[in-house]
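Working notes, structure below.
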Amino acid sequence: MPTVEDLPRDIRDRIPGIAQVPGVVPRERPDGKSFIGGKATEYSAPQAKPAERPVAPEEPVPKEVKTPCQRCGVETESKQSFCSACGLDFKRKRATEELGITIDKEMVEQYIFTGYLTAAVKLFGEHVATFKSLQSDDVEKADEIVRLHFKDADSTVTEWQNYRAKVLLAFGWAKLDGVTTGKDFEEKFAWIQKRGAHFVDLASKKYALLSQAISEVLNGDTLKNS
Ligand SMILES: [Zn+2]
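Last residue of the sequence shown: number 226 in our numbering, and the count goes up by one each step with no gaps.
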């Protein structure tokens with residue numbers, strides 16, 4: 001196909017849009033094409049700078065919610081179920097939660113300096129047990145009582161555990177609905193023996209939870225900023 005260059009020079013010079021002098025920017029044709037050096041060439045007209053997209057003022061990016069671990073304080077994603085630093089199980093219900101009690105700093109101070117703390121724990125309905133936490137010599141005495149009790153008898157592990165739980169409970173169960181359960185271990189134990197077995201079992205479980213709650217607090221699991 002013949003191009004402009006094939007035309008005689010004098011005719012070429014009369015065609016508008018052809019660069020007469022090298023280096024002269026060719027005129028733009030309405031279709032965006034230009035003739036450069038007599039050849040049809042794509043010519044890209046300077047594009048209008050696209051309007052800058054309006055920048056939204058700091059779009060709220062959904063942040064990972066982080067909470068400090070109650071035990072070690074390391075910030076952890078709250079959707080995690082374990083602390084990646086110390087392994088604390090976040091999903092587990094704390095013993096204090098299960099008991100519906102709070103062990104505050106004052107109680108911890110009492111525990112540290114007197115060797116025990118007392119806590120009022122709801123047992124069933126409106127019935128409240130006042131428990132005194134165990135001291136080391138309570139545990140020693142309890143173990144001795146259990147040992148003597150099973151001295152001449154065979155026992156299963158369950159029997160042994162149940163009896164021990166009841167003995168420990170007698171050391172720790174101070175009051176029921178504000179009324180004392182007895183003046184010493186013997187009276188308390190006798191009082192417990194006369195209660196309904198399921199009720200005693202319930203009290204035992206709650207008492208074991210109190211022990212657990214104290215351990216949790218001393219390990220720093222539940223006492224932060226309280
Ligand atoms: Zn931790």
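For glycine and all other residues, C-beta sits at the position ideal for the given N, C-alpha and C.
Under the three-state reduction of DSSP output, Thr156 falls in the coil class, being neither helix nor strand. Glu216 counts as buried, since no fewer than 16 other beta carbons sit within 10 angstroms of its beta carbon.
Burial of Gln70 is indicated by the presence of at least 16 other C-beta atoms within 10 angstroms of its C-beta.
About 6 angstroms separates the beta carbon of Ala129 from that of Trp173, a gap short enough to meet the 8 angstroms contact definition.
With contacts defined by Cβ atoms closer than 8 angstroms, Val121 and Lys206 form a contacting pair. In the structure shown, Ala129 adopts extended strand secondary structure according to DSSP, grouped into three states. Residue pairing by DSSP places Ala119 opposite Phe131 in a beta bridge.
Secondary structure note for Glu140: its alpha helix (DSSP H) is the uninterrupted segment Ser136 to His149. Annotated three-state conformation of Ala85 is coil, per DSSP. Judged by beta-carbon spacing, Thr96 lies beyond the 8 angstroms limit of Ala203, meaning their Cβ atoms are not closer than that value. Listed by position in the chain, the residues whose beta carbon lies within less than 6 angstroms of some heavy atom of ligand 1 are Cys69, Arg71, Cys72, Val74, Cys83, Ala85, Cys86 and Leu88. Check the Cα spacing between Gly87 and each of Ile112, Gly73, Asp177 and Glu98: the tightest is with Gly73.
Of the residues Thr102, Arg9 and Phe82, the one whose Cα lies closest to the Cα of Ala119 is Thr102.
Looking at the backbone, the Cα of Gln110 and that of Tyr116 are separated by about 7 angstroms. Selection His127, Cys83, Ser211 and Gly220 evaluated against Val139 yields Ser211 as nearest (Cα-Cα). The three-state secondary structure of Glu98, taken from DSSP, is helix. DSSP places Lys206 outside any beta strand (DSSP E); the residue lies instead in the alpha helix (DSSP H), whose first and last residues are Ala197 to Leu218.
Here DSSP, grouped into helix, strand and coil, assigns Lys175 to strand.
For the options Phe131, Leu168 and Met107, the alpha carbon positioned closest to that of Leu218 is the one of Met107. The beta carbons of Leu99 and Leu209 sit about 5 angstroms from each other, so the pair counts as a contact at 8 angstroms. Pairing Thr156 with Glu75, the inter-Cα distance amounts to about 46 angstroms. Distance from the Cα of Arg164 is smallest, within the candidate group Gly178, Asp154 and His149, for His149.
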